[in-house]
């Protein structure tokens, strides 16, 4: 056979026969006689090896006959478990066990025989097989077309994620290794050559991989055959170690080395051996991640060729990168690879089939029915060379904390394992609030405080180099039990799933112990009557978590200083202990008061002053008076909406929570669990069972559009009753099986839960503007393969954003309660959280009311209504509101004159155009870059540090500039200098209203901040993001308790609550509303683990926007991604999206997701 003409379509048996015929004396294998390589080798020629193959084939045929169905014979690693071996035997229908005659029978075989009959064959010794000069040739006459899909051998997966699975290597798959040399130079390969470019015929290669490993088969059988290389083997019975490697480098004249990662890392730490490698061509590292520190030392002496592949597809498309980039991978465009961003800066490896390139896409020979494959490997890009990729682990290796943080652990584990006392380690904590480290010591008896301190120094360095700083804490380190070693594969890799299963109870006990301990040194005395003492305590506690706080100013943004949600969790625990607070202090207080000064002031309110002489606090006295006043509003009055509630349109705010199902869980059983949880929620907060309706005209103080809630007849059944199954249980919750209509949960998650996957009415039947009376809360549990799409609707006059989150938390916790979690009692929930009278009572009690004529009329600019008697609208010719001037005595900015009250719901028809939702993503790196640019911008005057202000500024400018450019370029419109764009920002005013208002109050506590800017200025390149962010920051500073109290006063004077006035309630014009969900606490929403993965924590939360897109310009900042990235949801016409994609400034920071 003329091999040069058939690369990629040659058969291994025929290559060997051809070589034995044309060059019979060539040495193709040299087997070391002992671990002392100076004692020499047993050399095997092409003719001897071909004859040995013939002799083995005849022997096998004599023992079992000639198979017509590719009967398998098993030669299995002794390290496989009984369960794993039996799984492979069953999957391959294998009943033959082959063992070397010179080796004793393994004890495991007797265990196999108890479960499965096996024909045990003892293959002759190597010397006997090689003594075969007179053996008859065993014919192999198949053509490539006849044999390409035949199996050459069967391997199996490592079992690191479950039972091992058999993987057949066909001749066509092996042919892709042969065809690597045919990869042509092409656009996208960046001038790099295929990974075999440096391999020359006759090169001596040594592989440290065992023959039971795919890399061992590749380097010891395939590469020597396909590339004419001389393979060095053995010696028998010696596990590769640094002593053997040194002897081989001294006496073996090795050109190419193939090493397991642990040997590469050890070589880097053994300089006297490493220095001898200078004469070798390179070291191929594969089979797992190498240490960037140790391997860098190796690469300085001998080139490291870092290879990545899969057992199912071998080494696909690897290219030779520049030597300084050895730690990265590059891939030929013919590989069909795609890297999809799944977390900020983290990409998941996918492969797409192209039948024209089948010679180079081996994995599709293994999976011929697939057209795309998720390899599930995670990568990061080179910071300056986007075609280079560094391996970051497996997507199924991710540690997902209960707060939603996702940690890719492999780099951290590899770094920590470089500590000389550590044999291995695992980052753990899925479903827990904090990551922990499980360490296996080389000498378990050596564990002591001194060693822990030494290890902690290494952990700190690993933290510093990780994406999530401070992800591991000193008090969350545990040591493995001496009698329970980590479970490992043949290549020494820790079997993560098997080890975590073995340590499941141990880890749970550790967390139970750790959760009872405080984080900071709390040997401090806090005088809760002194703002100075409280400020010092806050600084002390924060500095114990991050040293940067020790000298930080009181007005420095604590999140800019490094505080993240993990540290917020710890700070809250410490502050509660130090100040005697419990559930009153919540994470929202930290997020809502993001400086030491603001947080300290909030704590002063929470502790509510000093004790009086009789032991009763000022807070106790105020609470007593509040309860007395509440008594006046009991019964029907307590269900009547207050002014803040009436500021909202009478629509459903719709949310979707995406929850993965546990494997094998029946849809209806999961729905039953949600039903019981919903019924339990109504028991905890009966008011959630009410319906919203208009007040009757005969009611005292009746006004048009005034609303109330009423209990239905009959009420929903209690959670302990029979509510099982669709059509039963709470009327508000519906069931729908969409598994035949929508893609599987995994596909939706991989696509980023796109809104385009379905129409909102499919997943939640409730209309956007419901007919009254209507349930104040409604839901539909939609099931797809692998998950639940839990859609919820909340009557906006009854709930603002905080209220929605609180209601979802109550339902989730109630689900956990009915699943047996006795701690899930919603003890954090104030009993007055749904009492609509509470703001009115506090307003009266604390003397906030004052005559309307004393209130600055510009306060109307923060509400959703026009001032009584001033219901006209000044709209310029281009549809944008002008700004009305007010008297010189006003302390507030002029109120923008808003469009007339719209018809609600907006009239629509099939002919009407509507917006479509598009999501853009700002990575943590780009967000940091944006913040730094604003910090350096003189127009920001050094006053803008809030990421929220900065993102809103970019969001506002980008949204309006797309419309502005269309109006100019398509419609020829011009804008005057006085034509303004209004940005409407809903602001939670709970912290400003009263310290007695519970943080869990679910009614509306919102005013509308309305910064304005001339359209021409906003859209001009001359106006920086810093300037716009400063405008937003200055507007936010105007929200003060006096303004909020005045706003509540004015709301009681509105004559018609139907006449809402908002700039965003129309599709034309140059205005928008931005709702900020950045800090949506996904970590506090978990529906329990009986039916759902990860304890029922959501994989994603998305608003349902179809209704808003028919008539409102509402944009959203979605919940913060787990590592700090931000997603922006725009409602856009297609031409606006096209214009936005051309916005060069926006493209510097954001990329489109869906």
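Residue numbers (our numbering): 514 to 1667. Glycine included, every Cβ here is placed at the ideal spot set by N, Cα and C. Bear in mind that the values here come from a model prediction, so they are computed numbers and not experimental data.
Item	Value
From the DSSP secondary-structure annotation, give me the bridge partner or partners of residue 1469.	Bridge partners of residue 1469: none, in fact.
Buried or exposed, going by whether 16 or more other CB atoms sit within 10 Å of the CB of residue 991?	buried
Check whether the stretch 1328-1336 and the stretch 1600-1618 touch, using three or more Cβ-Cβ pairs below 8 Å as the test.	yes
Going by C-alpha to C-alpha distance, which of 1345, 1346 and 1329 sits closest to residue 1338?	1329
Could you spell out the range, first to last residue, of the alpha helix (DSSP H) harbouring residue 1194?	1180-1197
Contact defined as beta carbons within less than 8 Å: I believe residue 1546 pairs with residue 1459. What is the distance between those atoms, to the nearest angstrom?	7 Å
For residue 829, does the three-state DSSP call read helix, strand or coil?	coil
Quick one: what's residue 1574 bridged to in DSSP?	Per DSSP, none; premise fails for residue 1574.
Should residue 1303 and residue 1165 be called a contact, given that it needs their Cβ atoms to be closer than 9 Å?	no
Of all the alpha helix (DSSP H) runs that stay within the bounds of the stretch 540-596, which reach a length of 4 or more residues?	559-577
Tell me, which residues are paired with residue 632 by DSSP?	609
Kindly provide the ranges of any beta strand (DSSP E) runs that are 3 or more residues long and lie completely inside the stretch 1601-1632, ordered along the chain.	1613-1616 and 1627-1630
Checking the sheet assignment: what are the DSSP bridge partners for residue 1297?	1300
State the Cα-Cα distance for the pair residue 469 and residue 743, rounded to the nearest angstrom.	Because the chain spans 514 through 1667 in this model, residue 469 falls outside it and cannot be assessed.
Candidates 550, 663 and 696: which alpha carbon is nearest residue 682's?	663
In three-state terms, what does DSSP make of residue 1474?	helix
Rounded to the nearest angstrom, what separates residue 750 and residue 545 at their Cα positions?	11 Å
Using DSSP with H/G/I as helix, E/B as strand and the rest coil, what is residue 1667?	coil
Excluding sequence positions up to five away, which residues of its chain have a Cβ less than 6 Å from the Cβ of residue 714?	741
Check whether the Cβ atoms of residue 1617 and residue 1431 lie closer than 9 Å to each other.	no
I'd like the list of long-range same chain contacts for residue 696, defined as Cβ closer than 7 Å, with 5 residues on each side in sequence excluded.	707, 845, 847 and 873
At 4 residues or longer, what runs of the alpha helix (DSSP H) sit wholly inside the stretch 1278-1363?	1314-1331 and 1351-1358
So residue 928 is in the beta strand (DSSP E); what residue range does that whole segment cover?	That residue, residue 928, is in no beta strand (DSSP E); its alpha helix (DSSP H) goes 923-929.
Within the continuous beta strand (DSSP E) that includes residue 798, where are the two ends?	795-798
Could you check the C-alpha separation between residue 1256 and residue 1168 for me, to the nearest Å?	19 Å
Report the rounded CA-to-CA distance for residue 854 versus residue 860, giving the unit in angstroms.	4 Å
Between the C-alpha atoms of residue 1289 and residue 1062, what's the straight-line distance to the nearest angstrom?	44 Å
Measuring straight from C-alpha to C-alpha, what distance separates residue 1661 and residue 1533?	17 Å
Using DSSP's beta-bridge definition, name the partner residues of residue 1643.	1431
With a 10 Å radius around its C-beta and 16 neighbouring C-beta atoms as the bar for buried, classify residue 1294 as buried or exposed.	buried
Can you tell me whether residue 842 is helix, strand or coil according to DSSP?	strand
Do you know how far the Cα of residue 1494 is from the Cα of residue 1526?	6 Å
Under the rule that 16 or more other beta-carbon atoms within 10 Å means buried, what is residue 1657, buried or exposed?	exposed
Just to confirm my understanding: we take residue 1148, look at its own chain, exclude 5 residues before and 5 after, and list those with CB closer than 7 Å. What are they?	For residue 1148, the pLDDT reaches just 44, beneath the cut-off of 50, and the residue's location in the model is therefore unreliable, although a value from the coordinates is still provided. Around residue 1148: no qualifying Cβ.
Can you look up residue 1388 in the DSSP assignment and give me helix, strand or coil?	Confidence at residue 1388 is low in this model, with a pLDDT of 40, below 50, so the placement of that residue is unreliable and no value is reported for it.
Thinking C-beta only, is residue 956 closer than 9 Å to residue 934?	yes
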